[in-house]
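Right, one structure below, let's go through it.
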Amino acid sequence: MKVGGYTLEERFEHRTVEPKWQKYWQERQLYKATADKSAKKFYCLEMFPYPSGKIHMGHVRNYAIGDVIARYKRMQGYNVLHPMGWDAFGMPAENAAIKHNLHPSKWTYENMTYMKAQLNKLGLSYDWDREIATCSPEYYRWNQWFFIRMLEKGLAYRKTSYVNWCRSCATVLANEQVIDDKCWRCDSLVVQKELEQWFLRITHYAEELLKACDELTGWPEKVVVMQKNWIGKSQGLEVDFRIDGMDESLRIFTTRPDTLFGSTFLCLSPNHPLCGKLVSGKAELEKIIAHYGKEDEKIGFHTGHFCINPMNAEKIPLYVANFVLMEYGTGAIMSVPAHDQRDFDFAKKYGLSIRVVIEPEQKSEKNSELRTPNSELLAEAYEDAGVLVNSGKFSGLKSDAAKERIAEYIEEKGLGKRVVKYRLRDWGISRQRYWGTPIPVVYCEACGIVPVPEKDLPVILPEDVKFTGTGGSPLLESESFLHTTCPSCGGHARRETDTMDTFVDSSWYFVAYCFGRDGIAFNSEPRTPNPELSYWMPVDQYIGGVEHAVLHLLYSRFFTRVLRDLGIISYSEPFKNLLTQGMVIKDGAKMSKSKGNVVDPDYLIEQYGSDTSRLFSLFAAPPEKDLEWSDKGVEGAYRFLNRIWGFVYRTQKSLEAGSPPGYDSVAMEGISPACRKLLRKTHQTIKKVTTDIEREYHFNTAIAALMELVNEMNSFEPKDAKDMQIMKFAIKNTLLLLSPFTPHITEELWMHIGNESSISEQKWPEWDEEMVREEEVELVTQINGKLRGKLMIPCGLPDEEVKACALGDPKIKEIIGQQKIRKVIVIKGRLVNIVTGE
RNA sequence: GCGAGAGUGGCGGAACUGGCAGACGCGCUGGACUUAGGAUCCAGUGGGGCAACCUGUAGGGGUUCAACUCCCCUCUCUCGCACCA
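Numbering (the numbering used here), first residue to last: 492 to 1329.
This is the structure:
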């Protein structure tokens, strides 16, 4: 029967081929990982998905990248750990429960089942024995265990504070989860609300997390910079300004002690505790509060009070201003209008004096006009470093030195101290939601806050709750959960009803995978590093979206340090190498349901198969860049696979008929030029694919090289047994090199050409440098840098002879004519440039 | 505003430490096989020109025998941070 020019068996039928091998791999447990001290390990991890229902193209891309790496490393002889699991707690499950009257647990587990089948259809080489779901009690009991350990160490604590509150999600958000004043999840406006909350003291590790950023050499620079900025260290000085006529002083924070003499007024945050005492005009204060922290105009008013500048004893006015944040520094600033643009604008607006105390070392045209006080003329603040003027005994010092001297002076006089500030805040983890890990504490009328003892863990999330979508967390309604006895006194106690931020779950899941099927287990005291963890961790290659640059990745770095300090592990950084893959774009925008530009992986796999889907997403762009979706590109990938299939199939008969057994390499000697060419191309391709993978995982160019090899094979016509052996060698290596990208078709063809063990168990091919080398090179001749001729010359000629060849070329001779040759530059194996002229 | 990255055919993208710009794929054009082609195969394909040649990597300058690559200026786009004192 003829179908589209192929006989049926000549076609690559992905619908039968792909499931066949998926079953085969699964039955043989080819991807099961076992710790083995004698083998070099490689831990390859992709960010685990939230079980939202179905996978999307972003997942396909992410997991295809990870799978190529895992398969490649396996073939290179590494003992590879490549696990997968589910970030299974979270809001969508709860929303689904309210909407469809379906329990979050049921919804989540059903989604997991469906998505797992989808992942298996992609032929991903996971060790499913290590699968985890963060919503299972066996998993979240360790969240609770960590929480209690952190409570013991003072790393978890409770405090009342203003928190970010999302009305739509009816819960608190961490600072990291607020993006442009909006909720990271639902995009609605976040408001401030005063609540009592549990916090994790990530700031305890602020300095270490910052310092260790420099050791993250396997991370994209961009992500490291984002982390550094997020931690936001600044060194400065706190200074007390006495309030004139009161027995009270005001502490300010500055990173520019060198400008202290230029402080001509002070500004107070409207939320500063002293405001109540200092401000009489409540209406004015209300107005400032209304504009507090907003990026609009800078406004303020004079409190009527004055402070004393400790450097020059000057009386300067004290203002309240909307742009001074209570959350940073001390909530009060010294204003130096000459050297800070904000203060400058403010001073201009309210007619406050401006005093220049820093002058540039070398006056340029731009700032030569810098004058003031009295004779004004200062168009904008001069914010750079320079030399101090109008600064008493410190005048003449450079900014850097002056910072030191002035800080010393302030400290000696007891007027303040040097401090380091971080932008990083402690991590608020309380969530007023149901579908999360219960925080394992109880509130006892007699004993207060009491942690749940280790033997009573896990505190199980009750299943029998109602989802109304109104009021607070369903846990508040669950009488059986709410009421308990105090572990300390046995009296009545009430359970904590808040659950943990789901980012807690994902902060250590990579550690959980290391334990395998026997289940997660951390030693009790005295703790020693767990051997499984010591073997597998850290993650050698982590792959995921850049959207987690400061959320998940920072929390994980924090948790890893907590685990280290608990004695569970002995290293500090969880992820040695990080690859942040680009987004999948269609019609110029990220694929999303709301934009209606999604491509359904189910459809793609059904229509073209998993190999095609993988190949396209790996070929169309390097992994770190955005991937522009193209239906035609998918067809191109499909066509390529069919070409290989057809080629191997068609040549199979003649191969069987006349070739010697084996698919091993042959020597260059005694074979035809066409053979030498194909053999050389094969070795060159092995080299190219290997180095492209090694060089930042540039799969797109690796695949391009394989396409070139296949093109070359297509134009090769074997005539005798020797030729066929060359052909066999080319086929074998094409399949091996392609197998990490498209495991199904290569497995099928691999078996088809007479192999018995899986292609994924084979050794990665090696190239022979001798075989890679060309015998002849095309020599490019340039005259004055312009391309004028090309000729073939043997490799390895000495420069003098190469030069003679170029000059001997009749065409070149003709162009040069009577011109004088001034210089000849020979670049080995590439070109000759003849420079003419007088 | 600050920080990071990018700008190359009709499109996605190649080009390692400066050395033939446009690999590979898509699309397009022509041809073969066809009742048919949105299948497959073959050939061509940056722009201009019949051609020899000229020209071309956002724009302008520079360094060099030689620049997509290095330096300076300008423009555009993407991402991150954003009153952090």
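Glycine included, each C-beta is placed from N, C-alpha and C at the ideal position. On a predicted model such as this, the values are computed, not experimentally measured, just so you know.
When you compare only the Cα positions, how much space is there between residue i and residue j?
i: Y630; j: P965; result: 22 Å
i: D891; j: A876; result: 8 Å
i: P540; j: G581; result: 12 Å
i: F1207; j: D1102; result: 26 Å
i: E509; j: F1138; result: 19 Å
i: T755; j: K789; result: 17 Å
i: A829; j: W675; result: 39 Å
i: E968; j: A1080; result: 43 Å
i: E936; j: L973; result: 14 Å
i: G576; j: D1031; result: 18 Å
i: N881; j: G842; result: 21 Å
i: D1300; j: R506; result: 58 Å
i: S979; j: I940; result: 10 Å
i: W926; j: S596; result: 8 Å
i: V878; j: T821; result: 28 Å
i: V1075; j: M1082; result: 6 Å
i: P801; j: V848; result: 15 Å
i: D731; j: A872; result: 24 Å
i: S1150; j: Q1216; result: Residue confidence is low: S1150 scores 48 on pLDDT, short of 50, so the model does not pin down where it sits. Its coordinate-derived value is still stated next. Answer to the nearest angstrom: the Cα atoms are 6 Å apart.
i: T525; j: N570; result: 8 Å
i: L757; j: E902; result: 20 Å
i: D705; j: V715; result: 8 Å
i: C535; j: R562; result: 10 Å
i: L816; j: F690; result: 21 Å
Can you give me the start and stop residues for the beta strand (DSSP E) that residue i sits inside?
i: W796; result: Note that residue 796 is His in the sequence shown, not Trp. Unbroken beta strand (DSSP E) run through H796: G791 to I799.
i: Q688; result: V681 to L691
i: Q726; result: K724 to I734
i: C657; result: A647 to C657
How many whole angstroms separate the CB atoms of residue i and residue j, which I take to be in contact at a CB cut-off of 8 Å?
i: V551; j: P1234; result: About 14 Å; that fails the 8 Å criterion.
i: F1050; j: S1121; result: About 40 Å separates the two Cβ atoms, so there is no contact after all.
i: Y648; j: R692; result: 7 Å
i: T1272; j: V1201; result: Not quite, the Cβ-Cβ distance comes to about 33 Å (not below 8 Å), so this is no contact.
i: T1071; j: V1037; result: 4 Å
i: Y1062; j: P1029; result: 6 Å
i: L521; j: S1230; result: About 12 Å separates the two Cβ atoms, so there is no contact after all.
i: Q1253; j: L1227; result: 6 Å
i: Y1046; j: F1107; result: So it is not a contact: roughly 34 Å between Cβ atoms.
i: E729; j: F744; result: 5 Å
i: G1280; j: K1302; result: 5 Å
Could you check where the alpha helix (DSSP H) with residue i kicks off and where it finishes?
i: I1034; result: From DSSP, I1034 is part of no alpha helix (DSSP H) but of the beta strand (DSSP E) over V1030 to G1036.
i: P583; result: M582 to H591
i: M737; result: Neither: M737 is in no alpha helix (DSSP H) and is coded neither H nor E.
i: Q1273; result: Where Q1273 is concerned, there is no enclosing alpha helix (DSSP H), although the beta strand (DSSP E) it sits in stretches over E1267 to I1274.
i: P1234; result: P1234 to H1243
i: Y630; result: P628 to E643
i: Y600; result: P595 to K612
i: G557; result: M548 to M566
i: V911; result: Run containing V911: none in the alpha helix (DSSP H); it sits in the beta strand (DSSP E), G907 to Y913.
i: E874; result: That residue, E874, is in no alpha helix (DSSP H); it is neither H nor E in DSSP.
i: L1170; result: P1164 to E1185
ask   = In chain order, which beta strand (DSSP E) runs of at least 3 residues are fully inside the stretch 1278 to 1326?
value = 1312 to 1318
task = Say whether the stretch 746 to 757 touches the stretch 771 to 783, bearing in mind that this needs 3 or more beta-carbon pairs closer than 8 Å, one atom from each stretch.
result = no
task = Would you mind listing the alpha helix (DSSP H) stretches within the stretch 1060 to 1097 that are 4+ residues and don't spill past its ends, in chain order?
result = none
ask   = Where in the stretch 923 to 1004 do unbroken runs of the alpha helix (DSSP H), each at least 4 residues long, occur, reported from the N-terminal end onward?
value = 970 to 973, 993 to 996 and 1000 to 1003
inquiry  = Below 8 Å, how does it come out for the stretch 600 to 609 and the stretch 1277 to 1294: are there three or more Cβ pairs, yes or no?
reply    = no
query = Pairing CB atoms from the stretch 734 to 742 with CB atoms from the stretch 1041 to 1058, are three or more of them under 8 Å?
reply = no
ask   = Does the stretch 549 to 564 touch the stretch 644 to 660, meaning 3 or more C-beta pairs lie closer than 8 Å?
value = no
ask   = Which ranges would you report for the beta strand (DSSP E) in the stretch 758 to 843 if only whole runs of at least 3 residues count?
value = 791 to 799, 806 to 812 and 823 to 826
ask   = Just checking, does the stretch 1168 to 1180 make contact with the stretch 1102 to 1112 on the three C-beta pairs under 8 Å criterion?
value = no
ask   = Between the stretch 720 to 731 and the stretch 691 to 706, are three or more C-beta pairs nearer than 8 Å?
value = yes
query = Is the stretch 654 to 665 close to the stretch 1005 to 1015, with three or more CB pairs under 8 Å?
reply = no
query = Between the stretch 1188 to 1204 and the stretch 1126 to 1143, do three or more beta carbon pairs fall short of 8 Å?
reply = yes
query = Counting Cβ pairs, one atom from each stretch, are 3 or more of them under 8 Å apart for the stretch 809 to 826 and the stretch 757 to 772?
reply = yes
ask   = Does the count of Cβ pairs from the stretch 892 to 912 and the stretch 942 to 960 closer than 8 Å reach three?
value = no
task = Jot down the residue ranges of each uninterrupted alpha helix (DSSP H) in the stretch 877 to 903, minimum 4 residues, whole runs only, in chain order.
result = 890 to 903
request  = Could you tell me whether the stretch 1255 to 1273 touches the stretch 1306 to 1326, where touching means 3 or more Cβ pairs closer than 8 Å?
outcome  = yes
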